[in-house]
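Student: One structure, as structure tokens, below. Some questions next.
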Amino acid sequence: MSIPSRVQIIDVGPRDGLQNEKTPVPAEVKVALVHRLQDAGLQEIEVTSFVSPKWVPQMADNAEVMAGLERKPGVRYSVLTPNLQGYEAAVKTQPDEIVVFGSASEAFSRKNINCSIAESIERFAPVVEAALAAGIRVRGAMSCTVGCPYEGEIAPERVAYLAGLLKGIGVQRVDVADTIGVGTPRKVQRAIDATLEHYGIDAVSGHFHDTYGQALSNTLAALELGVWNFQASVSGLGGCPYAKGAMGNVATEDLVFMLQGMGIETGIDLDKLVDAGAYISDFLGRKPNSRVAVAVLNKRGN
Ligand code: HMG
Ligand code: MG
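Just so we're aligned: the sequence shown equals residues 1 to 302 in the working numbering.
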């Protein structure tokens, strides 16, 4: 398998990134961030989630954020929907894609969405059916495909099991997520191989958190298997509220820099991306959590 010559990135910063911020971020700032990302050339953006505002208060403005978007043709805007209630609220805001999110670990499933893996599939099935009937694309996130904060190491067989369940209810493509960033290249490859028992390579996306600094190495390992779709978070924002200590996804700036250096096309303007990251980092009152962004900003002299 040769390394792909083109990679498509889903920026999950507005959702995975901001969901973990304690201070409320106003809807207009979230909208402005999405606009900056699309201007930088991102073709897929995970905007928000339709989850319980009691569980994740930061995402309570989901409909307002979706309504505030000035959509750019060719860009796919996705949102998380854990159940029918979330889907029914989401569909009014016209997402291009909805994301159901399950876990390869039982304990994480319960902590994150308050039900077992089997129950989660029962909840997702009518959501997937309704979305497909409405012409909305469906992605499935698979959490804890390498390790779980509650159960430790996760065997590839459990990833294959979850992928099979998602395939069985009609989910079109899946994210192999390393929720807590404990994966290393060979382990991540095993999780991807397990997913490939049910999905083709074009339907697999890598979602690597960078807690232990392995996300770029894991990305390279996934590229070696032919994966060409990756999720990243601008400025390295984020983490999961139900995975204590987990840090953000690989920073989009770092990912783009690596891919560009390898001659892999992304369609993204790194300078504009750094500006998008600086915008949200300034708002949050901190430096971007991206080595590349900091290096570019230092070189510019600001
Ligand atoms: P539940 O308590 O089991 O739900 O929560 P319920 O059906 O029993 O309803 C209880 C209450 O929640 C009711 O309100 C419902 O109306 C409300 P009350 O009568 O008490 O006032 N409710 C909702 N409200 C808004 N939107 C909804 C919704 N559903 C029920 N969709 C639920 C189940 C899934 C809702 C809850 O557990 C939840 O919201 N969890 C949050 C999950 C989350 O957002 N996690 C972070 C995102 S996942 C992630 O980050 C991982 C990922 O990045 C991949 C990776 O890195 O691993 C994707
Ligand atoms: Mg995540």
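Just so it is clear, CB atoms sit at the ideal spot from N, CA and C, and this is done for glycine as well.
This one's a predicted model, so the numbers in the text were calculated from it and none came from an experiment.
#1: Nearest CA to the CA of VAL161: which residue from VAL25, THR195, ASP178, ALA134?
#2: Examine the Cβ distances between the segment 91–98 and the segment 58–69 and report whether three or more of them are shorter than 8 angstroms.
#3: Jot down the residue ranges of each uninterrupted beta strand (DSSP E) in the segment 54–140, minimum 3 residues, whole runs only, in chain order.
#4: Just to confirm the assignment, what range does the alpha helix (DSSP H) spanning ASN298 have?
#5: Is VAL250 closer than 7 angstroms to THR266 when the C-beta atoms are compared?
#6: Does the Cβ of GLU44 have 16 or more other Cβ atoms within 10 Å, making it buried, or fewer, making it exposed?
#7: May I ask which residues mark the beginning and end of the alpha helix (DSSP H) holding ALA194?
#8: Taking the beta strand (DSSP E) that THR219 belongs to, which residues open and close that run?
#9: Can you have a look at SER281 and say buried or exposed, based on whether 16 or more other CB atoms are within 10 angstroms of its CB?
#10: Below 7 angstroms between beta carbons: does that hold for THR252 and ALA232?
#11: I believe ILE264 touches VAL7 by the beta-carbon criterion, under 8 angstroms. Please report the beta-carbon distance rounded to the nearest angstrom.
#12: Could you tell me the alpha carbon to alpha carbon distance between ALA107 and ASN114, rounded to whole angstroms?
#13: Could you tell me which of GLY17, ARG71, GLY200, ALA104 sits nearest to TYR150, measuring between CA atoms?
#14: I'd like the span of the beta strand (DSSP E) that includes VAL308, first residue to last.
#15: Beta-carbon separation of ALA177 and SER217 under 7 angstroms?
#16: Considering only DSSP beta bridges, list what ILE9 is partnered with.
#17: What are the start and end residues of the alpha helix (DSSP H) that includes ASP271?
#18: Find the nearest neighbour of LEU237 within the set SER52, ALA276, VAL171, judged by alpha-carbon distance.
#19: Measuring only the C-alpha atoms, how far is LEU223 from PRO4?
#20: In whole angstroms, give me the CA-to-CA distance for ALA60 and VAL127.
#21: Which residues share a DSSP beta bridge with ALA177?
#22: Secondary structure at THR252, three-state DSSP: helix, strand or coil?
#23: If you measure between the beta carbons of VAL146 and LYS187, is that distance less than 7 angstroms?
#24: Does the Cβ of PRO73 have 16 or more other Cβ atoms within 10 Å, making it buried, or fewer, making it exposed?
#25: Terminal residues of the continuous beta strand (DSSP E) containing VAL47?
#26: Which two residues bound the contiguous alpha helix (DSSP H) that contains TYR161?
#27: Compare the beta carbon distance of VAL138 and VAL171 with 7 angstroms and say whether it is the shorter of the two.
#28: So the alpha helix (DSSP H) GLU28 belongs to, where does it begin and stop?
#29: According to DSSP, simplified to helix, strand and coil, what is SER235?
#30: May I ask you to check if the CB of ASP16 is nearer than 6 angstroms to at least one heavy atom of the ligand MG?
#31: Look at the alpha carbon of LEU369 and the alpha carbon of VAL51, and state the distance between them as a whole number of angstroms.
Tutor: In short, the structure shows the following:
#1: The residue you call residue 161 lines up with position 161 of the sequence shown. The displayed chain sequence assigns Tyr, not Val, to residue 161. TYR161 has its Cα closest to that of THR195, out of VAL25, THR195, ASP178, ALA134.
#2: yes
#3: 76–80, 97–103
#4: The residue you call residue 298 lines up with position 298 of the sequence shown. Element bounds for ASN298: 291–300.
#5: Taking the sequence shown and counting its residues from 1, one reaches residue 266 at position 266. Taking the sequence shown and counting its residues from 1, one reaches residue 250 at position 250. The answer is no: Cβ separation not under 7 angstroms.
#6: Along the sequence shown, one-based indexing puts residue 44 at 44. That one is buried.
#7: Counted from its first residue, the sequence shown places residue 194 at position 194. Run containing ALA194: 185–195, per the alpha helix (DSSP H) assignment.
#8: Working through the sequence shown from its first residue, we reach residue 219 at position 219. Element bounds for THR219: not the beta strand (DSSP E) but the alpha helix (DSSP H), 215–224.
#9: If you number the sequence shown from 1, residue 281 lands on position 281. Its Cβ being crowded by 16 or more others within 10 Å, SER281 is buried.
#10: The sequence position of residue 252 within the sequence shown is 252, counting from 1. The sequence position of residue 232 within the sequence shown is 232, counting from 1. Cβ distance < 7 angstroms, so THR252 and ALA232 count as in contact.
#11: In the sequence shown, counting from the first residue as 1, residue 264 sits at position 264. In the sequence shown, counting from the first residue as 1, residue 7 sits at position 7. About 5 angstroms separates the two Cβ atoms, so the contact holds.
#12: As a working mapping, residue 107 is identified with position 107 in the sequence shown. As a working mapping, residue 114 is identified with position 114 in the sequence shown. Whole-angstrom Cα-Cα distance: 9 angstroms.
#13: The count along the sequence shown starts at 1 and reaches residue 150 at position 150. Closest by alpha carbon: ALA104.
#14: This structure does not reach residue 308, given that the chain is present from 1 up to 302, and the question cannot be answered.
#15: In the sequence shown, residue 177 corresponds to position 177, counting from 1. In the sequence shown, residue 217 corresponds to position 217, counting from 1. Result no, Cβ atoms of ALA177 and SER217 do not sit closer than 7 angstroms.
#16: Here residue 9 is taken as the residue at index 9 of the sequence shown, counted from 1. PHE230.
#17: In the sequence shown, the residue the question calls residue 271 occupies position 271. That run of the alpha helix (DSSP H) goes 270–284.
#18: Along the sequence shown, read from residue 1 onward, the residue named residue 237 stands at position 237. With distances taken between Cα atoms, LEU237 lies closest to ALA276.
#19: Locating residue 223 in the sequence shown gives position 223, counting from the first residue. Locating residue 4 in the sequence shown gives position 4, counting from the first residue. Rounded to the nearest angstrom, the two C-alpha atoms are 7 angstroms apart.
#20: Residue 60 sits at position 60 when you count from the first residue of the sequence shown. Residue 127 sits at position 127 when you count from the first residue of the sequence shown. Computed Cα separation, rounded: 20 angstroms.
#21: Translated into positions along the sequence shown, residue 177 becomes position 177. Per DSSP, HIS207.
#22: Numbered from its first residue, the sequence shown carries residue 252 at position 252. Three-state result, THR252: helix.
#23: Reading the sequence shown from its first residue, position 146 is the one you call residue 146. Reading the sequence shown from its first residue, position 187 is the one you call residue 187. Yes, they are a contact pair.
#24: The residue you call residue 73 lines up with position 73 of the sequence shown. Burial call: exposed.
#25: The count along the sequence shown starts at 1 and reaches residue 47 at position 47. Unbroken beta strand (DSSP E) run through VAL47: 44–49.
#26: Counting from 1 along the sequence shown, the entry for residue 161 is found at position 161. Note, TYR161: alpha helix (DSSP H), 156–168.
#27: Translated into the one-based positions of the sequence shown, residue 138 becomes position 138. Translated into the one-based positions of the sequence shown, residue 171 becomes position 171. Yes, the pair counts as a contact, with Cβ atoms nearer than the cut-off.
#28: For the purposes of this step, residue 28 is identified with residue 28 of the sequence shown, where counting begins at 1. It spans 27–39 - the alpha helix (DSSP H) in which GLU28 sits, taken as one unbroken run.
#29: Position 235 of the sequence shown, counting from 1, holds the residue named residue 235. Here SER235 sits in helix by DSSP.
#30: Residue numbering aside, residue 16 sits at position 16 when the sequence shown is read from its first letter. Yes, the Cβ of ASP16 comes within 6 angstroms of a heavy atom of the ligand MG.
#31: No statement about residue 369 is possible, as the shown extent of the chain runs from 1 to 302 and does not include it.
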